[in-house]
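In our numbering, the protein residues as written are 1 to 182.
Working notes, structure below.
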Amino acid sequence: MTGLSTTAAVTFMGLVDKLMDELAAKDRREHEVRMKELQMIDNSSLRDEYVQQLLLDRFLAPIEEAQHVIQNTAKHAQYLAEAVAVYYQDHGLTQEQAIELSKQLRLLAIKITQVESLHELKLIYSVVTLFTDKVSVFHHRDRKYRMDHSIRKHMLDPLNTYIATERNFHRRLQFMTGQPAA
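Spelled out as structure tokens, the structure:
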């Protein structure tokens with residue numbers, strides 16, 4: 001026995017299919033609205049401008065998301081700089097080492113926010129990876145508080161995910177424009 005009453009089990013039956021149908025209907029309605037908007041625009045220059053705006057929105061969304069990921073990564077470097085300054089003894093650091101490590105983490109945050117291209121992002125990813133390797137010698141007794149674990153989880157993983165997304169975005173763009181793959 002699962003612990004659910006038959007009434008509760010009945011209310012969940014068909015839920016996934018119902019949700020799928022509702023979402024598909026919503027998508028159809030949104031598509032119909034967009035098509036009506038396009039039909040209402042008789043002037044072809046307005047239509048072209050509208051289509052261009054839709055394309056720009058589609059292309060800018062990944063860029064805006066990337067900026068969000070990059071800013072959060074820099075915020076985490078700032079957070080670590082503050083944490084190291086306070087909890088340096090828990091990581092086996094001297095106060096002088098903690099001050100220098102905090103400076104380097106803040107510099108890393110600045111460098112991350114200055115990323116303007118995929119090439120620069122891949123470069124900063126490499127820098128953060130090597131930086132993580134260097135600071136991994138300072139261990140906290142609890143893994144979840146280790147700097148290398150925190151950097152990997154909150155900085156390297158999001159940056160790596162974005163790098164893969166950006167590469168795929170460029171590949172799709174090249175395919176759509178007929179350019180050869182780089």
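For glycine and all other residues, C-beta sits at the position ideal for the given N, C-alpha and C.
Query                                                                                                                                                        : Result
Tell me which residues share the same chain as LEU156 and place their Cβ nearer than 8 Å to its Cβ, disregarding the 5 neighbours each side in the sequence. : TYR125, VAL128, THR129 and THR132
For ILE112, which residues in the same chain have their Cβ closer than 7 Å to its Cβ, ignoring the five residues on either side in sequence?                 : ILE70, THR73, ALA74, ALA77 and ILE124
Between which two residues does the alpha helix (DSSP H) containing SER102 stretch?                                                                          : 95 to 113
To which residues of the same chain is LEU80 closer than 6 Å at the C-beta, ignoring the five residues directly before and after it?                         : LEU105
Which residues in the same chain have their Cβ closer than 7 Å to the Cβ of THR7, if we skip the five residues on either side of it in sequence?             : Note that THR7 scores 44 on pLDDT, short of 50, meaning its location in the model is unreliable; the coordinates nonetheless yield the value given after this. Around THR7: no qualifying Cβ.
Report the residue from LYS18, LYS26 and TYR145 whose alpha carbon sits nearest the alpha carbon of TYR88.                                                   : TYR145
Hey, how far is the Cα of ILE110 from the Cα of ASP48?                                                                                                       : 40 Å
Considering only the alpha carbon of each residue, which of ARG152, MET35, SER136 and GLU82 lies closest to LEU107?                                          : GLU82
Per DSSP, what kind of secondary structure is VAL10 in: helix, strand or coil?                                                                               : Low confidence applies to VAL10: its pLDDT is 41, below 50, so where it sits in the model is not reliable enough to give any reading.
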